[in-house]
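J.: Just so we're aligned, residue 269 is where the sequence shown starts under the numbering used here, counting upward by one. We treat Cβ as the ideally placed atom computed from N, Cα and C, and that holds for glycine. In this text the structure is predicted, and so the values were computed from the model without any measurement.
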Amino acid sequence: MAFWVCGRAVVIEKLSWTMGGLCWLGLVQVNSAIAAMPATPAAAAETTVISQRPGQDDRFPPAAPEEPAPLPAEQPVLPAPAEPELDPPAPTPEAAPRVEITEIQVLGSTVFEPSDFDPVLAPYEGRALTLEELRQAADAVTQLYLNEGYITSRAILGNQTITDGVVQLQVIEGRLADIQVEGANRLANYVRDRVQLGADTPLSQIDLENQLRLLRVDPLIDNIEASLRAGEGLGESILIVRVEPADPIEARLILDTNSPPSVGTVRMGADITYRNPIGLGDRLSASAYRATTGGSELYELSYQVPINAMNGTITARVLPSYFEIIDPADIAALDVRGSADIYEVSFRQPLVRTPREEFALSLGFRHRSGETLLSGITIDESRTSLVQFGQDYVRRDVAGAWALRSQFNIGTELFDATDRPSPQADGQFMSWLGQVQRVQVLSEDNILILQGDLQLATDSLLGSDQFVVGGGQSVRGYSQNARFGDNGFRLSAEDRITVERDQAGTPIVQLAPFLDMAAVWNNRSETEANKENFLLGTGVGLLYRPIDQLNIRFDVGVPLVELDERGDSPQDVFMYLNLDYAL
Numbered sequence: 269m270a271f272w273v274c275g276r277a278v279v280i281e282k283l284s285w286t287m288g289g290l291c292w293l294g295l296v297q298v299n300s301a302i303a304a305m306p307a308t309p310a311a312a313a314e315t316t317v318i319s320q321r322p323g324q325d326d327r328f329p330p331a332a333p334e335e336p337a338p339l340p341a342e343q344p345v346l347p348a349p350a351e352p353e354l355d356p357p358a359p360t361p362e363a364a365p366r367v368e369i370t371e372i373q374v375l376g377s378t379v380f381e382p383s384d385f386d387p388v389l390a391p392y393e394g395r396a397l398t399l400e401e402l403r404q405a406a407d408a409v410t411q412l413y414l415n416e417g418y419i420t421s422r423a424i425l426g427n428q429t430i431t432d433g434v435v436q437l438q439v440i441e442g443r444l445a446d447i448q449v450e451g452a453n454r455l456a457n458y459v460r461d462r463v464q465l466g467a468d469t470p471l472s473q474i475d476l477e478n479q480l481r482l483l484r485v486d487p488l489i490d491n492i493e494a495s496l497r498a499g500e501g502l503g504e505s506i507l508i509v510r511v512e513p514a515d516p517i518e519a520r521l522i523l524d525t526n527s528p529p530s531v532g533t534v535r536m537g538a539d540i541t542y543r544n545p546i547g548l549g550d551r552l553s554a555s556a557y558r559a560t561t562g563g564s565e566l567y568e569l570s571y572q573v574p575i576n577a578m579n580g581t582i583t584a585r586v587l588p589s590y591f592e593i594i595d596p597a598d599i600a601a602l603d604v605r606g607s608a609d610i611y612e613v614s615f616r617q618p619l620v621r622t623p624r625e626e627f628a629l630s631l632g633f634r635h636r637s638g639e640t641l642l643s644g645i646t647i648d649e650s651r652t653s654l655v656q657f658g659q660d661y662v663r664r665d666v667a668g669a670w671a672l673r674s675q676f677n678i679g680t681e682l683f684d685a686t687d688r689p690s691p692q693a694d695g696q697f698m699s700w701l702g703q704v705q706r707v708q709v710l711s712e713d714n715i716l717i718l719q720g721d722l723q724l725a726t727d728s729l730l731g732s733d734q735f736v737v738g739g740g741q742s743v744r745g746y747s748q749n750a751r752f753g754d755n756g757f758r759l760s761a762e763d764r765i766t767v768e769r770d771q772a773g774t775p776i777v778q779l780a781p782f783l784d785m786a787a788v789w790n791n792r793s794e795t796e797a798n799k800e801n802f803l804l805g806t807g808v809g810l811l812y813r814p815i816d817q818l819n820i821r822f823d824v825g826v827p828l829v830e831l832d833e834r835g836d837s838p839q840d841v842f843m844y845l846n847l848d849y850a851l
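1. Nearest to residue 676 by alpha carbon, out of 699, 445, 425?
2. Within this structure, are the beta carbons of residue 764 and residue 801 separated by less than 9 Å?
3. Tell me which same chain residues have a C-beta within less than 8 Å of the C-beta of residue 738, skipping the five on either side of it?
4. In three-state terms, what does DSSP make of residue 380?
5. Do you know offhand how far residue 806's Cα is from residue 474's?
6. I'd like to check one pair, residue 638 with residue 732: are the Cβ atoms closer than 9 Å?
7. Do residue 655 and residue 686 count as a contact pair if the criterion is CB distance below 9 Å?
8. My assumption, with CB atoms under 8 Å, is that residue 428 sits in contact with residue 373. Please give the rounded CB distance.
9. Just the Cα atoms here: how many angstroms apart are residue 607 and residue 589?
10. Does the stretch 462-482 come into contact with the stretch 553-571, if we say contact requires no fewer than three beta-carbon pairs (one atom in each stretch) closer than 8 Å?
11. To which residues does DSSP link residue 731 through a beta bridge?
12. Please report the Cβ distance between residue 613 and residue 584, rounded to the nearest whole angstrom; I am assuming they are in contact, meaning their Cβ atoms lie under 8 Å.
13. Excluding the 5 residues preceding and the 5 following residue 450 in the sequence, name in chain order all residues of the same chain whose CB lies nearer than 6 Å to its CB.
14. State buried or exposed for residue 846, treating a residue as buried only when at least 16 other CB atoms are found within 10 Å of its CB.
15. Name the two residues that bound the continuous beta strand (DSSP E) containing residue 443.
16. Could you tell me which of 560, 549, 522 sits nearest to residue 530, measuring between CA atoms?
17. Please determine, among 643, 339, 826, 659, the residue with the shortest C-alpha to C-alpha distance to residue 627.
18. For residue 672, which residues does DSSP report across the bridge?
19. Per DSSP, which residues does residue 572 bridge with? Please list them.
20. Where do the N-terminal and C-terminal ends of the alpha helix (DSSP H) with residue 388 fall, by residue?
21. Just mark residue 537 as buried or exposed, buried being the case when its beta carbon has 16 or more other beta carbons within 10 Å.
22. Near residue 755, what residues of its chain come up, given a Cβ to Cβ distance below 8 Å and the 5 sequence neighbours on each side ignored?
23. Is residue 431 buried or exposed, if buried means 16 or more other CB atoms sit within 10 Å of its CB?
24. What does a CB cutoff of less than 6 Å around residue 670 pick up in its chain, not counting 5 residues either side in sequence?
25. Please determine, among 558, 553, 548, 595, the residue with the shortest C-alpha to C-alpha distance to residue 573.
26. Alpha helix (DSSP H) containing residue 810: first to last residue?
27. By alpha-carbon positions, which one of 621, 673, 376 ends up nearest to residue 485?
28. Buried or exposed: residue 689, going by 16 or more other Cβ atoms within 10 Å of its Cβ?
29. Unbroken alpha helix (DSSP H) runs of length 4 or more, entirely within the stretch 459-537: which are they?
30. To the nearest angstrom, how far is it from the Cα of residue 462 to the Cα of residue 483?
31. For residue 409 and residue 506, what's the separation of their Cα atoms in angstroms?
32. Measure the beta-carbon distance from residue 697 to residue 727 and round it to whole angstroms, keeping in mind my assumption that it falls under 8 Å.
33. So which of 495, 467, 469, 541 has the shortest CA-CA distance to residue 487?
34. If you follow the beta strand (DSSP E) that residue 787 is part of, which residue opens it and which one closes it?
35. Less than 8 Å between C-beta atoms, sequence neighbours within five positions excluded: which residues of the same chain meet that for residue 470?
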């Protein structure tokens, strides 16, 4: 029996030789809060290759947050201006002149069809009306606009000659004459362009508030307030937007046990992000992670720039990594080391973007090259050049949130990608990776998180593109990267129960019982490295936030299915730790 404490094994498992090669060892990054981090060192099952195995999240272009948040209670962002003053009804003298009205026409409306006005105007048609009653008909049209959120539009009864009982009402649809941004420094154009998306004519309070709410949760902004005031022209308004920019620099220190024992389970890392370096709302990020044993080093440098007000972005990433097998129990693998470099560029464009939902498409190119050395001699090299087409969707409501992500990967021959005779795995393949998450609010102190991943491939895959399961961020109760294959699925259910909150109502202590399961399989059965490829684990996690800057997570997992090849049995206990400190 192996007893694991924070990823360290008292009985250290050995590398198993299968199909003439080393089983992959690595780090899986599924549903990690650091989705952009590269994978850890790994070794191939089909050939003598040890290389980087990326996690599923790392293959997606940077996008929405990994864990969707339920829709918060909507707080007013734009104080409602005084509604257009409707003409008060005046006493109608019995001798007031009346005009027979057969039809009331509404001119100048761009958002309503003529039939939309019939219910409010029908009471005024087909009878004799006074001037005051005609004004009331105009007020009824104004009220229709107000009810739909068009808060600066109104209908008026202009001077006219009534012919054949036909009267005309003129609609003045409100519009924004100017957007004045205060306190934004270099973000003024960034804010103005996004607010402008909600400033169509006629001006809609709903659309305008949606854009302001999106800016309120933008990492570039700490707080935003807005107010409307009357403009000089008829129906014109001026929007005053007051902005408090966020601190442009964000840094974090991380300690976790998300690395395999063969290269050193415990690792330390740092992330730093510089927001808006050139004033375009762009972001420059760098990260570095190193196993405390020195067995692995992972780096990332990325730059992201928005190219339109809908938050379409172009992202470029470079992810070099290095590893060395340092486990003295793995005699056969000692003096094995290697490296991998990933270069990636992607474009992501939201097509729908509101506080409640977002749907985006992405297109990217990813090149990866890896090398493995034994006693300083290169024993394997692999390269892949992938075209990636992705889709992601987030839907929020007060009861929870949905997040769906999909990505198609097409291996090409570009940049000398690995090409081997069939049926060997190489860089020419097609695969699909999908993820779904549901966050369900069961009660004020109880949130259920459901997750699912699925990968399907048409060909045998190189290890860097296989589906990997096992470990603290995949199937808890098993060692890191316990199983891998061309195809696979993973399901997870976690119930977060709040035990203690601070005075502001933020959870401080949460318990999180969980159940994880997964399975993998290859397209060629003869390449299966293990007899048992189904994993099922359960346990409980503790989430602790003693101060705002520090998040601690500690999980204890127990395997429910025995994996003889790796020594995991229902008597094993695995422990995982993650500390995240924001500077």
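T.: In terms of the structure at hand:
1. 699
2. The Cβ atoms of residue 764 and residue 801 lie no closer than 9 Å to each other.
3. In its chain, beyond the 5 residues on either side, 296, 746, 747, 748, 749, 750, 751, 786, 803 have a beta carbon closer than 8 Å to the beta carbon of residue 738.
4. coil
5. 45 Å
6. yes
7. no
8. The pair is not a contact, with the Cβ atoms about 11 Å apart (cut-off 8 Å).
9. Near 6 Å, if we compare the C-alpha coordinates of residue 589 and residue 607.
10. no
11. The partner list for residue 731 (beta bridge, DSSP) is empty, contrary to what the question assumes.
12. Right, their Cβ atoms sit about 5 Å apart.
13. For residue 450, same chain residues with a beta-carbon under 6 Å away, outside a window of 5 residues either side, are 510 in chain order.
14. Looking at its Cβ environment, which holds 16 or more other Cβ atoms inside 10 Å, residue 846 is buried.
15. 443-450
16. 560
17. 659
18. According to DSSP, residue 672 bridges with 661, 704.
19. Residue pairing from DSSP places residue 572 in a beta bridge opposite 551, 583.
20. 386-389
21. With 16 or more other Cβ atoms within 10 Å, it is buried.
22. 723, 724, 725, 735, 788, 789, 790, 791
23. exposed
24. 663, 706
25. 548
26. Premise fails: residue 810 lies in the beta strand (DSSP E), 802-815, not in any alpha helix (DSSP H).
27. 621
28. Here residue 689 is exposed. Its C-beta has fewer than 16 other C-beta atoms within 10 Å.
29. 473-484
30. 8 Å
31. 24 Å
32. 4 Å
33. It is 541 whose Cα lies nearest to the Cα of residue 487.
34. 775-789
35. 378, 379, 413, 418, 420, 421, 441, 442, 443
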